[in-house]
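Structure first, commentary second.
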Amino acid sequence: MKQWRVWVRGFLALLVLVATVSGCTHGKFTVFEPLQCVPYARDVSGIEIYGDAYTWWDKAPKEYSRGHKPRQGSVIVLSKTERLPYGHVAVVERVVSNREIQVTHVNFGQDYNSRRVVYHDMTAIDTSAKNDWSRVQFVMPNGGTSRIYPVSGFVYNTPH
0 MKQWRVWVRG FLALLVLVAT VSGCTHGKFT VFEPLQCVPY ARDVSGIEIY
50 GDAYTWWDKA PKEYSRGHKP RQGSVIVLSK TERLPYGHVA VVERVVSNRE
100 IQVTHVNFGQ DYNSRRVVYH DMTAIDTSAK NDWSRVQFVM PNGGTSRIYP
150 VSGFVYNTPH
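This is how it looks when you write it as structure tokens:
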């Protein structure tokens, strides 16, 4: 009987190890150890910009086009704020309408657990009065919404 328990514990430990190393996929998100939004956005988009997320907007014109309309594969740059001291970036996976996109990003949430998640197909809504994507709100997996964040714009994966 003890041998069986040891085997089960070993098997469970192996499952935890594999899940930690590879990430666990749960529908539209994957759980990992905490990642940063910048390297994730760089890897997914292919846009080679380095530095804090909010700096992408000012650094982009040196090598990439930028604008205020979302495009598939572009990176939305959230401005630096008190709540986002480094800004935030997310990759546009799909443009749904002129006011709605779906993004993938990491390190976004209120606590350790939500920041360990790679979100896929997360809805982002343009909440600006002028329909210019200067403000955005995210729809969380639980159906709630994030705060409204100021947006610098979109960096396009089209080098000059």
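Each residue of the sequence shown is one higher than the one before, counting from 0 in numbering that gives the first Met the number 0. Note that the Cβ used here is the ideal one computed from N, Cα and C, for glycine as well. The model shown is predicted, which means the values in this text are computed figures rather than measured ones.
Residues near residue i by beta carbon distance below 7 Å, same chain, minus five either side
| i | result |
| --- | --- |
| Trp55 | Ile48, Val74, Val76, Val88, Val154 |
| Asn97 | Asn130 |
| Asn106 | Pro33, Leu34, Gln35, Cys36, Arg114 |
| Phe28 | Because Phe28 carries a pLDDT of 49, less than 50, the predicted location of this residue cannot be relied on, and no value is offered for it. |
| Tyr111 | none |
Exposure of residue i, with buried meaning 16 or more beta-carbon neighbours within 10 Å
| i | result |
| --- | --- |
| Ile100 | buried |
| Asp42 | exposed |
Cut-off 8 Å between Cβ atoms - residues of its own chain near residue i, not counting five sequence neighbours on either side
| i | result |
| --- | --- |
| Arg65 | Trp56, Ala59, Gly152, Phe153, Val154, Tyr155 |
| Arg146 | Arg82, Gln136 |
| Arg70 | Val91, Val94, Phe153, Tyr155 |
Close-in-space but distant-in-sequence residues of the same chain around residue i (CB under 6 Å, 5 per side omitted)
| i | result |
| --- | --- |
| Ala123 | Ile100, Val102, Val135, Phe137 |
| Gly26 | Only weak support exists for where Gly26 lies, its pLDDT of 45 falling under 50; the coordinates are left without a value. |
Beta-carbon separation (whole angstroms), residue i vs residue j, contact threshold 8 Å
| i | j | result |
| --- | --- | --- |
| Ser177 | Pro149 | Examination of residue 177 is not possible in this model, given that the chain is present from 0 through 159 alone. |
Bridge partner(s) assigned by DSSP for residue i
| i | result |
| --- | --- |
| Glu92 | For Glu92, which the question treats as bridged, DSSP gives no partner whatsoever. |
| Thr144 | Val138 |
| Ile75 | Ala89, Phe153 |
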